[in-house]
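These notes concern the structure reproduced below.
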Amino acid sequence: MIKYNLKCHNEHEFESWFSNSKEFDKLNKKNLLECIYCSSRTIDKSIMSPMVSNSIKKQDEQIKFTDKTTKHERQKLLELRKFIEKNFDYVGKDFSKKVREVYYDKKNKKAIYGTTTPKEREELSEEGIDLFSIPWVNKDN
Ligand SMILES: [Zn+2]
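If you count the sequence shown from 1, you need to add 1457 to reach the numbering used here.
Have a look at this one:
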């Protein structure tokens, strides 16, 4: 079993269990996943990334998240995803641990991305660690 933090296009976050990552992709492709708050079927995995580099900040500011993700915005999110995958190290669910290592070590400017639970995210924000999450756009649709 694998737990994912999911997010609908209205920015609602919730958790869901899947037998494996393929099951998530399969269900999402068939539009069988639904937001528990607003029943939206536009669901993505919620991925958290730290604001560590200036370039990513700039890129992020160019993207205005709205309720409706237009094709154009989707393209921008896709570009952002590519940028992150190329320039950031993926640390998965170790993210909250790793981001603290980066945050408290001034010499360590490593750019990382990964996942957190809503609780971990809250704890990090209480420690003053700035994070931002981006809707993780599927490459194949
Ligand atoms: Zn929702």
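We put the beta carbon where it would ideally sit given N, CA and C, even for glycine.
Values in this document were obtained by computation on a predicted structure and should not be read as measured data.
The alpha-carbon separation between residue 1497 and residue 1564 amounts to approximately 43 Å. Boundaries for residue 1494: no alpha helix (DSSP H) harbours it, and the DSSP string shows neither H nor E there. Counted as a single uninterrupted DSSP element, the alpha helix (DSSP H) harbouring residue 1482 occupies residues 1478-1486.
Secondary structure at residue 1545: coil, using DSSP grouped into helix, strand and coil. Residue pairing for residue 1461: DSSP places it in a beta bridge opposite 1473.
In the displayed model, residue 1576 falls within a helix according to three-state DSSP.
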